[in-house]
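Colleague: Everything in the sequence shown is counted per our numbering, starting at 3 for the first residue and increasing by one. Structure incoming, see below.
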Amino acid sequence: MEPQKSGLGLPENAYRKLKEGEVYKPVVPDDKPLPEVTSYSLFWGLFYAVIFSAAAAYLGLKIGQVFEAAIPIAILAVGLSSLLRRKNALSENVIIQSIGASSGVIVAGAIFTIPGLYILGLNATFLQVFLSSLTGGILGILFLIPFRRYFVKDMHGEFPFPEATATTEVLVAGEAGGKQAKILLKALFVGGLYDFFVSGFGFWKEVVSTRVFEWGERLAAATKLELRLNIGAAVMGLGYIVGLKYALIIASGSFLAWWVILPGMYHIGSMVPGHPIIDMTPLEIFSTYVRHVGIGGIAAAGLIGIIKSHKIIVGAFKLAAKEIGGKGVGMEDAEKVPRTQTDIKMKWLVVLLVSALLGVFVFFLILVVDGNFIYALSGLAIVTIIAFLFTTVAARAIAIVGTNPVSGMTLMTLIISSVILVGVGLSGEKGMLAALIIGGVVCTALSMAGGFITDLKIGYWLGTTPRTQERFKFLGTLFAALSVGAVIFMLHQTFGFGPGGLEAPQASAMAAVLEPLMTGEPAPWILYLAGVILAVVLEFLGIPPLAFALGMYLPIHLNTPVLAGGIIAHLVSKSTNDEKLRSARKDKGTLIASGFIAGGAIMGVIAAAIIFIGQSITGVDGWSIMQAIGTEHWAEHSDGGQILGFFMFLLLLIYMYYDAKRAKVD
Numbered sequence: 003m004e005p006q007k008s009g010l011g012l013p014e015n016a017y018r019k020l021k022e023g024e025v026y027k028p029v030v031p032d033d034k035p036l037p038e039v040t041s042y043s044l045f046w047g048l049f050y051a052v053i054f055s056a057a058a059a060y061l062g063l064k065i066g067q068v069f070e071a072a073i074p075i076a077i078l079a080v081g082l083s084s085l086l087r088r089k090n091a092l093s094e095n096v097i098i099q100s101i102g103a104s105s106g107v108i109v110a111g112a113i114f115t116i117p118g119l120y121i122l123g124l125n126a127t128f129l130q131v132f133l134s135s136l137t138g139g140i141l142g143i144l145f146l147i148p149f150r151r152y153f154v155k156d157m158h159g160e161f162p163f164p165e166a167t168a169t170t171e172v173l174v175a176g177e178a179g180g181k182q183a184k185i186l187l188k189a190l191f192v193g194g195l196y197d198f199f200v201s202g203f204g205f206w207k208e209v210v211s212t213r214v215f216e217w218g219e220r221l222a223a224a225t226k227l228e229l230r231l232n233i234g235a236a237v238m239g240l241g242y243i244v245g246l247k248y249a250l251i252i253a254s255g256s257f258l259a260w261w262v263i264l265p266g267m268y269h270i271g272s273m274v275p276g277h278p279i280i281d282m283t284p285l286e287i288f289s290t291y292v293r294h295v296g297i298g299g300i301a302a303a304g305l306i307g308i309i310k311s312h313k314i315i316v317g318a319f320k321l322a323a324k325e326i327g328g329k330g331v332g333m334e335d336a337e338k339v340p341r342t343q344t345d346i347k348m349k350w351l352v353v354l355l356v357s358a359l360l361g362v363f364v365f366f367l368i369l370v371v372d373g374n375f376i377y378a379l380s381g382l383a384i385v386t387i388i389a390f391l392f393t394t395v396a397a398r399a400i401a402i403v404g405t406n407p408v409s410g411m412t413l414m415t416l417i418i419s420s421v422i423l424v425g426v427g428l429s430g431e432k433g434m435l436a437a438l439i440i441g442g443v444v445c446t447a448l449s450m451a452g453g454f455i456t457d458l459k460i461g462y463w464l465g466t467t468p469r470t471q472e473r474f475k476f477l478g479t480l481f482a483a484l485s486v487g488a489v490i491f492m493l494h495q496t497f498g499f500g501p502g503g504l505e506a507p508q509a510s511a512m513a514a515v516l517e518p519l520m521t522g523e524p525a526p527w528i529l530y531l532a533g534v535i536l537a538v539v540l541e542f543l544g545i546p547p548l549a550f551a552l553g554m555y556l557p558i559h560l561n562t563p564v565l566a567g568g569i570i571a572h573l574v575s576k577s578t579n580d581e582k583l584r585s586a587r588k589d590k591g592t593l594i595a596s597g598f599i600a601g602g603a604i605m606g607v608i609a610a611a612i613i614f615i616g617q618s619i620t621g622v623d624g625w626s627i628m629q630a631i632g633t634e635h636w637a638e639h640s641d642g643g644q645i646l647g648f649f650m651f652l653l654l655l656i657y658m659y660y661d662a663k664r665a666k667v668d
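Encoded structure:
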C-alpha cells in the first residue's frame, strides 16, 4: 500500500478529535514504511542544520531578526526531491526537516543568552558556548520524549499545532502534487509577495496603530490606550490554524494587559511626581512592567500543567523503574507496539539522561565555577528542575499558538538562578557567568523541547518512526551547536557585542536584568505574584491559563492578527450547513493559511538577507530595498503607510474567506 497521492493528502480526521473507537491512520501505513534515514536524507538534514544555524545566528545577532528554519527547510527538501524525481521521498523529507530544524531552536537558545556574557565583559570560551548549546539541546530532547505520546497521540485534535500543520501541508502537497499543491503554491505566492511588499519594499507599515488617527493619538496620550496590529499574512495564517477558541483566549490576555492593567499602572504612576512612567509610551510601559505579570502567569500555568499531568509523569517513572529492574515490556508486547508509536526504550532514555546530567555537572564544575563542588551542584539542580518543569510549558505553548515563550521562561530562570547562586555565596562576575551559562542551557533545552514536539507531531501525521526522529535529532543538535558556537565566537572576536558592536537585543536585555540581581537589587516579585494569582483564578474558571498568560506576555500586535485569523476560520466553518462542504472549505482554508505561513517564512529570510547585505555594502543601519526605491519614508514616517496597512490587511482577510469558500466537494 503506497502513501496517499493524487491530492488525497492527510486523512480526514488528522486535525479533529477522534470519535469513540476511531483510530488515526497516518499517510504512510504502519506496516508499509518508506525509507527514512538514508545517506541522502542524512546528508541534507545535517547540511541544512549547519547552514541554517550559521545563517540564523549571524542574521539574528547582526540585525536582531531571528527566522524560523523548519518551514524553509521543508520547502527546500520537497523542491530538491521533486527536482531529482526521487520517488517515495515523503519520510526522507520528514527526517531532513527534523534534523535540519535543530538549527532554529539551537540558535534561539544561544543568542538569547550567550552574547550577554560578552556584553558584561565576561570572555566566554568557544567550549563554553558550544557545550551550553549542546547540553541544553540534548536535555530538551530527553525531557520531551516521555511526553511525546501524550502531546502527539493522546491529545489528538485537542491542540491546533499551527507550525506543525503548515509544515505538514507543505510536505504532503509536495509529495502528492495535484490540486493541493496548486492551492498551497498559490497561497505561498500571495502571502509571500504580500509580506515582502511590507518587509522588503515597505509599501505599507507592518505594525499599525490606532494612534495614526487623531482620536487614537488623543486617547493614547491621555490614557495610554492603543490598539496595535501586525498586518502580516504569516501571523494571520497562524491564527486561522489556531482557531477562534484559543485565539480569543490569547487575545483576551492581551486586552487585559494592554487595555486594563497598562492604563491602570499609568494612572497610578502619573500621580507620583517625577515618576518615569509619565514619559513612557504604551510599548515601553508594557515591556518594563506589564510583561512581568505575563511571565508570572506562564510560570504558574506551567506548574499547574505539571500537577494536572502528574499521572503521566508518575507513569513514566514507573515504566523506567520496571525496565531498569528487568520487568518492563516483554518481547511479545513490544512487538504489538505500532512502528509509528515506538520511542527510544525507557531504560536507554534513563541512561542517556543520567549521562547528560553528569556531563552538565562536569561542564559546570570544570569550565564555569572553577572546581567548586557546591556551586556546580547548585547549577545542576537549577537546570534539571527548571528545564524539566518548563518542558511541558514549551511543548504546550507550541501546540496551542506556535510561539514558544522561551525568553520569558529564561528570564525567570536567570532570576531564580541569581537568587540561589547568591544564596550559596556565588556573586559578582563569577555569579553572572554561572547564571548566564545556566540560562543558556535552560533556554536551549526549552527551545528544543518546543521545536521537537513540532517535528514529532509532523511525523505522527505522516507516519514516520518516532524512535528514528529521536535518535537522529541528537546528531542534528551536535552539528547545529558546533555551527552556532563557531559563529557566536567569531562574531565576538570580529565585531564584539553591545554598544559599538552587534546589538544582540535579546541577550542585552538578559544582561541588563542579571547585573542588578547579582548586585543585590530586587526583582519585580509583586508583578510575578500577580501573574501567579491570575493563572490560579483562570484555572478555577476553566480557562486555559497558559494561553491567556501567553497573550499577556506577547505584544498585542502579534495577538490581534491571530484573533483575526481565528475569526475567519470560524466564519468559514459556519458558511454552510452541509457537513462535507464545511469540511472541504475548512481544509482549503488550512492549506491557504499554511501557504501564507510558508511564504512569510521564506520572504522573512530573503528580507533579512537583503537588509544585512545592504548594511554590509552601505554601512547604513536598517538599509533595505525600500530605501533604494524610495518607499522608506512612506512606510515608516507617514500616516498613509499605516492607513494603507489597515486596508490591505482587510483585503487579505476578505481574500482568504472567499477563496476558502470556493472549495468544492469531490
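Glycine included, every Cβ here is placed at the ideal spot set by N, Cα and C.
#1: Across which residues does DSSP place residue 232 in a beta bridge pair?
#2: Tell me which residues share the same chain as residue 491 and place their Cβ nearer than 7 Å to its Cβ, disregarding the 5 neighbours each side in the sequence.
#3: What does the alpha-carbon distance come out to for the pair residue 440 and residue 362?
#4: Could I get the ranges of all uninterrupted alpha helix (DSSP H) runs contained in the stretch 14-75, with 4 residues as the minimum, in chain order?
#5: Are there 16 or more other CB atoms within 10 angstroms of the CB of residue 335, so buried, or fewer, so exposed?
#6: Between residue 344 and the rest of its own chain, which residues show a CB-CB distance below 7 Å, the 5 nearest in sequence each way excluded?
#7: What are the start and end residues of the alpha helix (DSSP H) that includes residue 117?
#8: With residue 669 and residue 185 assumed to form a contact (beta carbons below 8 Å), what rounded beta-carbon distance in angstroms separates them?
#9: Please report the distance separating the alpha-carbon of residue 382 from that of residue 192.
#10: Exposed or buried, what is residue 260 when buried is set at 16 or more other beta-carbons lying within 10 Å of its beta-carbon?
#11: DSSP three-state call for residue 161: helix, strand or coil?
#12: Who are the Cβ neighbours of residue 331 in its own chain at under 6 Å, not counting the five residues just before and after it?
#13: Does DSSP put residue 215 in a helix, in a strand, or in coil?
#14: Check each candidate in 232, 298, 80, 171 and name the one with the smallest Cα separation from residue 538.
#15: Grouping DSSP H, G and I as helix and E and B as strand, with all else coil, what is residue 84?
#16: Could you tell me the alpha carbon to alpha carbon distance between residue 283 and residue 223, rounded to whole angstroms?
#17: In chain order, what residues of the same chain have a beta carbon less than 6 Å from the beta carbon of residue 52, not counting five sequence neighbours either side?
#18: Candidates 316, 392, 435: which alpha carbon is nearest residue 369's?
#19: Thinking C-alpha only, which one of 594, 667, 649, 599 is nearest residue 659?
#20: Using the Cα positions of residue 88 and residue 604, report the straight-line distance between them to the nearest angstrom.
#21: So residue 97 and residue 43 are supposed to be a Cβ contact under 8 Å. How far apart are they, rounded?
#22: In this structure, how does DSSP classify residue 666 when only helix, strand and coil are distinguished?
#23: Quick check on residue 333: buried or exposed, where buried means 16 or more other Cβ atoms within 10 Å of its Cβ?
#24: Run the CB neighbour count on residue 171, radius 10 Å, all protein chains shown included, and call it buried at 16 or more, exposed below.
#25: When we look at the beta-carbon of residue 496 and count the other beta-carbons within 10 Å, is it buried (16 or more) or exposed?
#26: Taking the alpha carbon of residue 234 as the point to measure from, which residue in 601, 32, 85 has its own alpha carbon closest?
#27: For residue 449, which residues from the same chain have a beta carbon less than 6 Å from its beta carbon, with the 5 sequence-adjacent residues on both sides left out?
#28: Taking only three categories from DSSP, how would you classify residue 421?
#29: In this structure, does DSSP put residue 347 in helix, strand or coil?
#30: Buried or exposed: which applies to residue 651, given that a residue is buried once 16 or more other Cβ atoms fall within 10 Å of its Cβ?
#31: So, using beta-carbon positions, are residue 547 and residue 556 closer together than 7 Å?
#32: Suppose contacts are defined by Cβ-Cβ distances below 7 Å. Is residue 36 in contact with residue 30 by that definition?
#33: In the structure shown, what three-state DSSP assignment does residue 371 receive?
#34: Alpha carbon to alpha carbon, what distance is there between residue 279 and residue 572?
Modeller: Answer, in terms of the structure:
#1: Residue 232 is bridged to 209.
#2: Counting only residues of its own chain and dropping the five nearest sequence neighbours on each side, residue 491 has a CB closer than 7 Å to the CB of 128, 131.
#3: Taking the straight line joining both Cα atoms gives about 10 Å.
#4: Fully enclosed alpha helix (DSSP H) runs of 4 or longer: 41-65.
#5: A caution first: residue 335 carries a pLDDT of 46, below 50, which makes its placement in the model unreliable, though a value can still be read off. Residue environment: residue 335 is assigned as exposed (fewer than 16 neighbouring CB atoms within 10 Å of its CB, all protein chains considered).
#6: Within the same chain, residue 344 has close Cβ partners 467, 468, 469.
#7: 117-121 is the extent of the alpha helix (DSSP H) around residue 117.
#8: This structure gives no information on residue 669, because the portion of the chain shown stretches from 3 to 668.
#9: Roughly 49 Å between the two C-alpha positions.
#10: With 16 or more other CB atoms across the displayed protein chains lying within 10 angstroms of its CB, residue 260 is buried.
#11: In the structure shown, residue 161 sits in coil (DSSP, three-state: anything other than H, G, I, E or B).
#12: Low per-residue confidence applies at residue 331: pLDDT is 46, beneath 50, and the placement is therefore not dependable enough to give any value.
#13: Coil, per DSSP.
#14: The option with the nearest alpha carbon to residue 538 is 298.
#15: DSSP places residue 84 in helix when its eight states are reduced to three.
#16: Whole-angstrom Cα-Cα distance: 9 Å.
#17: Once the five neighbours on either side are set aside, the close Cβ partners of residue 52 are 481, 485.
#18: Of the listed residues, the one whose Cα sits closest to residue 369 is 435.
#19: Closest by C-alpha distance to residue 659, out of 594, 667, 649, 599, is 594.
#20: Distance between the alpha carbons of residue 88 and residue 604 is about 23 Å.
#21: Cβ-Cβ separation between residue 97 and residue 43: approximately 4 Å, consistent with a contact (criterion under 8 Å).
#22: Three-state DSSP puts residue 666 in coil, outside helix and strand.
#23: Bear in mind that a pLDDT of 35 at residue 333, under 50, signals an unreliable position, so the number given afterwards is only what the model happens to contain. Under this definition residue 333 is an exposed residue.
#24: Classification for residue 171: buried.
#25: So residue 496 counts as exposed.
#26: By alpha-carbon distance to residue 234, the top candidate from 601, 32, 85 is 601.
#27: The residues are 107, 110, 111, 408.
#28: In the three-state scheme derived from DSSP, where H, G and I count as helix and E and B as strand, residue 421 is classed as helix.
#29: Residue 347 falls in the coil class under three-state DSSP.
#30: Residue 651 comes out buried.
#31: Going by C-beta atoms, residue 547 is not nearer than 7 Å to residue 556.
#32: Taking C-beta atoms as the reference points, residue 36 and residue 30 count as a pair closer than 7 Å.
#33: Three-state result, residue 371: coil.
#34: Each residue's alpha carbon lies about 39 Å from the other.
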